[in-house]
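Let me begin by presenting the structure, written as structure tokens, before commenting on it.
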Amino acid sequence: MAVFSYPQDDINTDLLFPGKYTYSCSTGPEIREHLLEDLDPSFASAVRPGDFIMAGANFGCGSSREQPSLGLKFVGVKAVIAGSFSRIFYRSAINQGLLLVECPAAVEAFEPGDEVDVDASMGLVTVAGKEFPFPALPAEMLRILEAGGLLEYISSTIAAEGGPN
Amino acid sequence: MGRTFAMKVLGRAAGREVVPGEIVFVEPDIVLTHDNSAAIIAKFEATVPGGRVRHPDRIAIVLDHVIPADTGRDAAAQSRIRQFARTQGIANFYEMGTGICHQVVPEMGLCPPGSLVVGSDSHTCTYGAFNSFATGIDRTEAAGLWITGRTWLRVPDSICIDLAGGLRSRVSAKDLVLRIIGDVGADGANYMAVEYHGPGVSSLRISERMTVANMGVEMGAKIAVFPADGRTREFFQDRGASCTGTLWSDFDAPFSRTLEYDLGSIVPMVARPHAVDDAVPVSELPATPVDQVLLGTCTNGRYEDFAAAAGLLKGRKVSPRTRLLVAPASREVMLRCMNEGILQVLVEAGGTVIPPGCGPCLGAHQGVLAPGERCLSTANRNFRGRMGEKDSEIYLCSPETAAASAVTGEITDPREVV
Numbered sequence: 001m002a003v004f005s006y007p008q009d010d011i012n013t014d015l016l017f018p019g020k021y022t023y024s025c026s027t028g029p030e031i032r033e034h035l036l037e038d039l040d041p042s043f044a045s046a047v048r049p050g051d052f053i054m055a056g057a058n059f060g061c062g063s064s065r066e067q068p069s070l071g072l073k074f075v076g077v078k079a080v081i082a083g084s085f086s087r088i089f090y091r092s093a094i095n096q097g098l099l100l101v102e103c104p105a106a107v108e109a110f111e112p113g114d115e116v117d118v119d120a121s122m123g124l125v126t127v128a129g130k131e132f133p134f135p136a137l138p139a140e141m142l143r144i145l146e147a148g149g150l151l152e153y154i155s156s157t158i159a160a161e162g163g164p165n
Numbered sequence: 001m002g003r004t005f006a007m008k009v010l011g012r013a014a015g016r017e018v019v020p021g022e023i024v025f026v027e028p029d030i031v032l033t034h035d036n037s038a039a040i041i042a043k044f045e046a047t048v049p050g051g052r053v054r055h056p057d058r059i060a061i062v063l064d065h066v067i068p069a070d071t072g073r074d075a076a077a078q079s080r081i082r083q084f085a086r087t088q089g090i091a092n093f094y095e096m097g098t099g100i101c102h103q104v105v106p107e108m109g110l111c112p113p114g115s116l117v118v119g120s121d122s123h124t125c126t127y128g129a130f131n132s133f134a135t136g137i138d139r140t141e142a143a144g145l146w147i148t149g150r151t152w153l154r155v156p157d158s159i160c161i162d163l164a165g166g167l168r169s170r171v172s173a174k175d176l177v178l179r180i181i182g183d184v185g186a187d188g189a190n191y192m193a194v195e196y197h198g199p200g201v202s203s204l205r206i207s208e209r210m211t212v213a214n215m216g217v218e219m220g221a222k223i224a225v226f227p228a229d230g231r232t233r234e235f236f237q238d239r240g241a242s243c244t245g246t247l248w249s250d251f252d253a254p255f256s257r258t259l260e261y262d263l264g265s266i267v268p269m270v271a272r273p274h275a276v277d278d279a280v281p282v283s284e285l286p287a288t289p290v291d292q293v294l295l296g297t298c299t300n301g302r303y304e305d306f307a308a309a310a311g312l313l314k315g316r317k318v319s320p321r322t323r324l325l326v327a328p329a330s331r332e333v334m335l336r337c338m339n340e341g342i343l344q345v346l347v348e349a350g351g352t353v354i355p356p357g358c359g360p361c362l363g364a365h366q367g368v369l370a371p372g373e374r375c376l377s378t379a380n381r382n383f384r385g386r387m388g389e390k391d392s393e394i395y396l397c398s399p400e401t402a403a404a405s406a407v408t409g410e411i412t413d414p415r416e417v418v
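Taken in order, these protein sequences are the chains called W and X. Quick note on the numbering used here: the first sequence kicks off at 1 and runs consecutively. Quick note on the numbering used here: the second sequence kicks off at 1 and runs consecutively.
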């Protein structure tokens with residue numbers, strides 16, 4: 001488990017995935033190549049499933065492009081822990097089934113090298129053995145997240161009810 | 001206690017009284033997508049193979065981001081979108097060249113007062129200029145909406161921005177909104193509805209309200225909205241949109257914060273690289289040469305913007321130190337500018353006209369920057385790498401400042417031009 005720490009505020013979608021690739025990359029493998037390219041060029045090759053991202057406030061601000069959330073889910077990031085999230089990114093992460101944890105205290109407590117873990121059902125982040133609670137997601141969003149994303153959720157509803165509504 | 005605009009619109013959509021913080025399920029009036037429709041079609045077809053969209057009449061698709069197609073891949077994607085629109089009976093499909101989605105949706109009367117619009121583009125908030133509840137979503141959610149017609153929204157808290165007075169000569173709505181974003185910060189309105197109130201609202205033309213609403217997302221806002229008035233009704237006349245659904249906050253509606261601005265005190269502003277909230281008066285900048293000036297985009301690509309720029313560029317030439325790109329927001333805008341001789345002025349001055357679309361704003365084509373270059377742009381974002389190269393710089397400004405600076409080759413206060 002590694003923690004990629006970017007403590008600055010306002011990490012925008014152009015830093016997470018440059019706009020010039022928005023219409024040429026839409027699948028996981030294509031996105032991975034440019035993920036965080038202008039923020040941390042080493043990220044794409046270094047990240048492993050189960051890793052975490054730690055960041056400041058307003059993470060994901062800017063464009064509605066979904067390559068950042070889709071890409072982070074694709075490479076297996078277990079959760080993004082940040083001071084706060086920009087609203088479109090927040091929605092998009094739920095739609096991709098990517099866990100976001102809004103917990104400024106945990107971000108502040110984190111020092112390079114600290115072990116980090118997240119228990120979504122308990123609403124707890126652990127940083128170097130110390131626990132920080134975070135607010136649980138509303139039930140509607142939790143169902144989408146647990147299904148693995150919005151379209152997976154819709155598929156399961158169609159299968160269960162024979163129709164999307 | 002009264003209710004805010006957001007509480008009223010979402011309450012009407014949900015069919016019950018709602019309060020900030022709660023989640024409501026709604027059926028938006030319009031779901032907007034653009035070139036990203038190709039990726040959305042792929043998601044749609046993977047989820048419901050051979051399926052039909054639930055409400056073809058509530059879908060709008062505008063080809064605007066990379067037009068005309070730049071590569072074979074773009075062309076194939078756009079071809080797939082055209083075919084999907086035909087097969088699914090999507091009447092509100094707008095071919096490339098019609099304009100930027102955020103100009104075309106109002107021109108086609110698709111965002112009337114009180115409507116609920118979601119779009120797979122962050123600047124969907126532009127339609128708040130018309131009293132529409134309009135906000136951005138991602139591609140996956142757009143695919144879900146095509147399938148089910150429904151989504152969830154959290155009822156936002158609201159901020160009141162109270163405007164008094166009128167803007168001075170060569171000061172524009174862009175300067176106002178840059179000043180507001182500088183004060184509020186890039187996340188100061190995150191998740192929130194920003195409502196514009198006060199006697200100053202009526203002095204702002206529709207194009208100016210669109211500029212202000214367009215930039216709402218740059219302070220994190222879910223929506224940025226104006227009341228509907230005579231100017232709104234006049235805009236929608238002959239565009240097939242009804243203005244009867246208009247809603248507005250009660251006098252005692254709960255606002256988490258109120259800010260007040262005297263429009264007469266606003267001065268020309270720029271946002272410095274690489275943050276929209278790093279806004280300062282133009283007069284405080286040191287000499288700042290620019291390699292390129294971009295006049296246009298969904299923020300400032302309207303008739304009034306080009307008319308203001310032409311007023312400063314008439315009889316003058318673009319400095320040999322820089323280059324000027326002119327990008328009308330729509331064919332309708334372009335035609336009006338042609339008919340009134342405004343394009344003539346801009347081209348005679350040395351401007352290069354590019355097609356009505358997003359142009360170089362997102363760094364894909366038609367004027368991307370070289371490493372180390374600096375662009376002065378009337379667009380809405382100056383993030384690092386936005387116009388194609390990580391080591392380039394973008395300053396944001398008004399059309400008036402862009403025009404004055406194109407003449408001098410450096411960022412110039414338009415009030416200094418005689």
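The C-beta atom is built at its ideal place from N, Cα and C for all residues, glycine as well.
- So, G99(X) versus R331(X), is the Cβ gap smaller than 8 Å? As a first step, residue 99(X) must be located in the second sequence, where it is residue number 99. As a first step, residue 331(X) must be located in the second sequence, where it is residue number 331. Taking 8 Å as the Cβ cut-off, G99(X) and R331(X) qualify as a contacting pair.
- Report the residues of the segment 70 to 86 of chain X with a CB closer than 9 Å to any CB of chain W, ordered along the chain. The residues in question are D70, T71, R73, D74 and A77.
- Task: Kindly indicate the opening and closing residues of the alpha helix (DSSP H) around W146(X).
- Result: Walking along the second sequence from the start, residue 146(X) turns up at place 146. From DSSP, the alpha helix (DSSP H) with W146(X) extends over R139 to T148.
- Query: Which residues in the same chain as Q88(X) place their Cβ atom closer than 6 Å to its Cβ, once the five residues preceding and following it in sequence are excluded?
  - Reply: To locate residue 88(X), count along the second sequence from 1; it is residue 88. For Q88(X), same chain residues with a beta-carbon under 6 Å away, outside a window of 5 residues either side, are V53 and P56 in chain order.
- Closer than 9 Å by beta-carbon distance: list the chain X residues that pair up with E140(W), in chain order. Numbered from its first residue, the first sequence carries residue 140(W) at position 140. Annotation: Cβ neighbours of E140(W) in chain X (cutoff 9 Å, chain order): I23, F25 and W152.
- Item | Closer than 8 Å to chain X by CB, P164(W) | Residue 164(W) sits at position 164 when you count from the first residue of the first sequence. The pLDDT assigned to P164(W) is 47, lower than 50, so where the model puts this residue is not dependable, and the model offers no usable value.
- So which residues on chain X does F62(W) lean against when the C-beta distance must stay under 7 Å? Position 62 of the first sequence, counted from the first residue, corresponds to residue 62(W). The amino acid occupying residue 62(W) in the given sequence is Gly; Phe does not appear at that position. S122, R381 and F383, listed in chain order.
- Query: What residues of chain X sit near L150(W), judged by a beta carbon separation below 7 Å?
  - Reply: Here residue 150(W) is taken as the residue at index 150 of the first sequence, counted from 1. Simply T140, E141 and G144.
- Do the segment 273 to 287 of chain X and the segment 23 to 43 of chain X make contact, defined as three or more Cβ pairs closer than 8 Å? Short answer: they don't touch.
- Query: Hey, out of E22(X), G109(X), E410(X) and A14(X), whose CA is closest to P289(X)'s CA?
  - Reply: In the second sequence, residue 289(X) corresponds to position 289, counting from 1. Ranking E22(X), G109(X), E410(X) and A14(X) by Cα distance to P289(X) puts E410(X) first.
- Can you pull the chain W residues whose beta carbon is under 7 Å from the beta carbon of R386(X), in chain order? Position 386 of the second sequence holds residue 386(X). Taking the beta carbon of R386(X) as reference, the chain W residues within 7 Å of it are D14 and G19, listed in sequence order.
- Reducing DSSP to helix, strand and coil, say where D117(W) ends up. The residue labelled residue 117(W) in the question sits at position 117 within the first sequence. D117(W): strand per DSSP, three-state reduction.
- Query: Since V155(X) contacts P20(X) with CB under 8 Å, what's their CB separation in whole angstroms?
  - Reply: Looking up residue 155(X) in the second sequence gives position 155. Looking up residue 20(X) in the second sequence gives position 20. Sure, about 5 Å apart at Cβ, within 8 Å.
- Grab me the residues of R419(X)'s own chain with a C-beta within less than 8 Å of its C-beta, minus the 5 sequence neighbours each way, in chain order. Past the edges of chain X, shown from 1 to 418, lies residue 419(X), and the structure says nothing about it.
- Message: Please state the DSSP three-state secondary structure of V345(X).
- Response: By one-based count along the second sequence, residue 345(X) stands at place 345. Residue state, collapsed to three classes: helix.
- Query: Taking 8 Å as the CB-CB cut-off, is D114(W) touching chain X?
  - Reply: Position 114 of the first sequence, counted from the first residue, corresponds to residue 114(W). It does not: the Cβ of D114(W) has no partner Cβ on chain X nearer than 8 Å.
- Under 8 Å between C-beta atoms, does G136(X) make it to chain W? One-based indexing of the second sequence puts residue 136(X) at position 136. Residue contact with chain W for G136(X): present (Cβ-Cβ distance below 8 Å to some residue of chain W).
- Query: Taking DSSP as the reference, what is the three-state secondary structure of L36(W)?
  - Reply: Translated into positions along the first sequence, residue 36(W) becomes position 36. Reduced to three states, the DSSP call for L36(W) is coil.
- Task: Establish whether the CB of A105(W) and some CB of chain X are separated by less than 8 Å.
- Result: Taking the first sequence and counting its residues from 1, the one referred to as residue 105(W) is at position 105. By this cut-off, A105(W) is not an interface position.
- Task: Measure from the alpha carbon of H102(X) to the alpha carbon of each residue in A329(X), E284(X) and F255(X), then state which is nearest.
- Result: Position 102 of the second sequence holds residue 102(X). Checking every option, the nearest Cα to that of H102(X) belongs to A329(X).
- Beta-carbon neighbours of D35(X), restricted to chain W and to distances below 9 Å: The sequence position of residue 35(X) within the second sequence is 35, counting from 1. Per Cβ cutoff of 9 Å: T22 and Y23.
- Can you find at least 3 beta carbon pairs, one from the segment 104 to 112 of chain W and one from the segment 62 to 80 of chain W, that sit closer than 8 Å? No, because fewer than three Cβ pairs between the segment 104 to 112 of chain W and the segment 62 to 80 of chain W fall closer than 8 Å, the two stretches do not touch.
- Anything in chain X within Cβ reach of A182(W), meaning under 8 Å, just list it in chain order. In the structure as shown, chain W starts at 1 and stops at 165, and residue 182(W) therefore has no counterpart that could be examined.
- Which residue spans inside the segment 264 to 347 of chain X form an unbroken beta strand (DSSP E) run of at least 3? 269 to 271, 279 to 281, 292 to 296 and 323 to 327, all fully within the segment 264 to 347 of chain X.
- Item | Reduced DSSP secondary structure (H/G/I, E/B, other) of S249(X) | For this step, residue 249(X) is matched to residue 249 along the second sequence. It is coil, neither helix nor strand.
- Message: Quick check on the burial criterion: 16 or more other C-beta atoms within 10 angstroms. Buried or exposed for V282(X)?
- Response: Here residue 282(X) is taken as the residue at index 282 of the second sequence, counted from 1. Result: buried.
- Item | At least 3 beta-carbon pairs within less than 8 Å: the segment 388 to 404 of chain X vs the segment 286 to 302 of chain X | Pairwise C-beta distances place the segment 388 to 404 of chain X in contact with the segment 286 to 302 of chain X, as three or more of them are shorter than 8 Å.
- Message: Can you tell me whether G230(X) is helix, strand or coil according to DSSP?
- Response: The residue given as residue 230(X) occupies position 230 in the second sequence. Of the three classes helix, strand and coil, the one that applies to G230(X) here is helix, per DSSP.
- Task: Using a cut-off of 7 Å between C-beta atoms, extract the partners of Q8(W) located in chain X.
- Result: Within the first sequence, numbered from 1, the residue matching residue 8(W) stands at position 8. What Q8(W) touches in chain X: nothing, since even the nearest Cβ is about 11 Å away.
- Task: Provide the residue span of the alpha helix (DSSP H) that contains H102(X), from first to last.
- Result: In the second sequence, counting from the first residue as 1, residue 102(X) sits at position 102. Per DSSP, the continuous alpha helix (DSSP H) segment holding H102(X) begins and ends at C101 to E107.
- Distance CB(P138(W))-CB(I23(X)) smaller than 8 Å: Translated into positions along the first sequence, residue 138(W) becomes position 138. Translated into positions along the second sequence, residue 23(X) becomes position 23. For P138(W) and I23(X), yes; Cβs fall inside 8 Å.
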